[in-house]
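Numbering (our numbering) for the sequence shown: -14 to 449.
Where is the CB? At the ideal position from N, CA and C, for every residue including glycine.
The structure presented is a predicted model; accordingly, all values stated were derived computationally and were not measured.
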Amino acid sequence: MKNNNPSDPRKLLADSPMSRAQILVIAAAVGLYALDGFDVLSISFAAPGIAAEWSIDRATLGIVLSMELIGMCVGSILLGALADRVGRRPVVLICLAVMSIGMFMVTTVRGLVDLSLWRVVTGIGIGGVLAAITAVAAEFSNDQRRHLCVSLVTIGYPIGAVIGGSVSAQLLGTFDWRSVFYFGAATTLIFIPIVYFCMPESVHWLVQKQPAAALARVNSTLRRFGHQAVSKLPFVSEGVRRRSIGDIFTGSLLVTTVIVTAAYFFHITTFYFILKWVPKIVADMGFAASSAAGVLVWANVGGAIGGALFGLLTLRYNVKSLTLAILVLSGITVSIFGRSPDNLQALSAFAAIAGFCTNAGVVGMYAIFAHAFPTHVRAFGTGFAIGVGRGGSVLAPILAGILFEAGIGLAGVAFAMAMGSVLAAGILLFLRLDRAQASLDDDELATATNDTEESGVASARAVS
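Here's what the structure looks like:
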């Protein structure tokens, strides 16, 4: 067992090769993102059936499609803050329970108000999971693989959409739209014991907050990961321990928060235009609901490949530069999608290309989130950027619906929605990651090096 610095388990995990148990945590995190990907898009898969059963026009459907996104905004901010206060693990477990209830209750609704309410509830749970799991991916990986792990976790989202879309296509071929939500509720419920048994609390959070029995919990995790136990935890002053999550609104972190939130807002507007409107666009061309879901699956296949390739490229190239390039390509490919021929093969191909670029852009933004915020605000900073930024995800279906109702054709709507990614690239040009808190040790925590608790300050590691 390796133990270069017995007083600092964070550095031990950062410098050591990742164990199988750590890889299992990352795999569970990928699964949670996949679950979120399906839960968010379940309403898109079901949209043609809902519209047909309740005679909903496009503008109204756009509002319904946005409801869980409103919940995600709230959940990302509030539950992200809670994850920084009480820990990542309990928040994830609570969110899974909320998501399962929300998905099941959709099957019982009799009108748009009830449907919208339970989609908001589901979205609150999804938002909390996204904020907490991004922090988990960063804190359970080592320095060498951190960008890659965050990227791999993020591509769970389109993977879930691919699997969920394939299952939904089969379900919708036999049953009505409610079957999609039965499947989602059952799958979400299964993840509760998986998280309970496979995902311990973050060592970084335990060292930062040092709650009751923190040393025992850290040592339990270290042994699980193949390391020796430590005799004591790094000394953390009371002032550092009580640092406020409001720090993201002060100093250099305020600049970082504003830039990444605005960039995410505009890119996610483009991203969710593809995810939310593809099934309805394809169905309106005269294709069956199952075929429409299949085109969305191809968009997410492209997204998964794009996200994975982006993660691999981060091992060699600058994250910010990669993200800027892919955001510009996102705008171009989404605009081209609007000019696709009206046959399934062409629609699937262009949707896959657009999905490749737009999801790679999301992966890039999440990689930046994971390194832009220090431990004590990592979940909240990420949650805030996701929550406020996802105002774009709320705006996308509504704005596209309004444009369609105004008589603008698919090509014009797609071009307008594609501009979100281009604006995001322009905003991200102003981000200085060398000024962000890039180190998982945060340069704010003192490590106890002797019995008198003489402390040293860890230096921040730049990521750009």
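Any non-hydrogen atom of the ligand NAP within 7 Å of residue i CB
i   : result
G87 : Among the ligands in the structure shown, none appear at all, so the ligand NAP cannot be discussed.
With 16 other Cβ atoms within 10 Å as the buried cut-off, status of residue i
i    : result
F160 : exposed
A285 : What sits at residue 285 in the sequence shown is Asn, not Ala. That one is buried.
A337 : buried
T107 : buried
R363 : buried
T242 : buried
V98  : exposed
Y181 : exposed
T93  : exposed
V448 : The pLDDT assigned to V448 is 37, lower than 50, so where the model puts this residue is not dependable, and the model offers no usable value.
D428 : For D428, the predicted structure reports a pLDDT of 44, less than 50, and the residue's modelled location is therefore unreliable. A value from the coordinates is still provided. By the 10 Å Cβ count, D428 comes out exposed.
A198 : exposed
S51  : buried
A410 : buried
S467 : The structure shown does not extend to residue 467, since the chain is modelled only from -14 through 449, so no value can be given for it.
S424 : Bear in mind that the predicted position of S424 carries a pLDDT of just 43, short of 50, making it unreliable; the figure below should be weighed with that in mind. Buried: at least 16 other Cβ atoms inside 10 Å.
E186 : buried
Distance between residue j and residue i (C-alpha atoms, nearest Å)
i     : j     : result
A32   : K265  : 7 Å
R163  : K(-4) : 48 Å
I383  : P(-6) : 47 Å
Q422  : H356  : Confidence in Q422 is poor, its pLDDT being 44 and thus under 50, which makes the residue's placement unreliable; the coordinate value appears in the next sentence. Going by the C-alpha atoms only, they are around 7 Å apart.
F30   : G158  : 12 Å
M404  : H252  : 8 Å
T308  : I412  : 12 Å
L67   : F365  : 8 Å
D426  : K217  : With a pLDDT of only 44 at D426, under the threshold of 50, the placement of this residue in the model should not be trusted, and no figure is reported.
A154  : R375  : 27 Å
E453  : L414  : With the chain covering -14 to 449 only, the question about residue 453 has no answer from this structure.
G397  : F322  : 11 Å
G149  : F23   : 5 Å
R95   : L102  : 12 Å
S320  : F125  : 38 Å
F400  : F220  : 54 Å
N303  : A289  : 20 Å
W283  : Q7    : 31 Å
T235  : R417  : 16 Å
I35   : I371  : 28 Å
G112  : V152  : 23 Å
A122  : R131  : 8 Å
G316  : V105  : 29 Å
L329  : V280  : 7 Å
A146  : G16   : 11 Å
S406  : L207  : 41 Å
G60   : R5    : 31 Å
L(-2) : I28   : 40 Å
Residue span of the alpha helix (DSSP H) that contains residue i, given as start and end
i    : result
K261 : 236 to 269
H189 : 188 to 194
P178 : 163 to 183
R209 : 199 to 209
(message) Just to confirm the assignment: which complete alpha helix (DSSP H) runs, minimum length 4, are found wholly within the segment 350 to 398?
(response) 363 to 374, 376 to 390
(request) Mind the definition here: the segment 197 to 216 touches the segment 77 to 92 only if three or more C-beta pairs lie below 8 Å; say whether that holds. (result) no
(message) I'd like to know if the segment 387 to 395 and the segment 172 to 188 are in contact, where contact means that at least 3 CB-CB pairs between them fall below 8 Å.
(response) no
(message) So within the segment 39 to 105, which uninterrupted alpha helix (DSSP H) runs reach at least 4 residues, ignoring any that extend past its ends?
(response) 43 to 71, 73 to 91
(request) Determine, using beta-carbon pairs with one atom in the segment 292 to 299 and one in the segment 133 to 140, whether at least three such pairs fall under 8 Å. (result) yes
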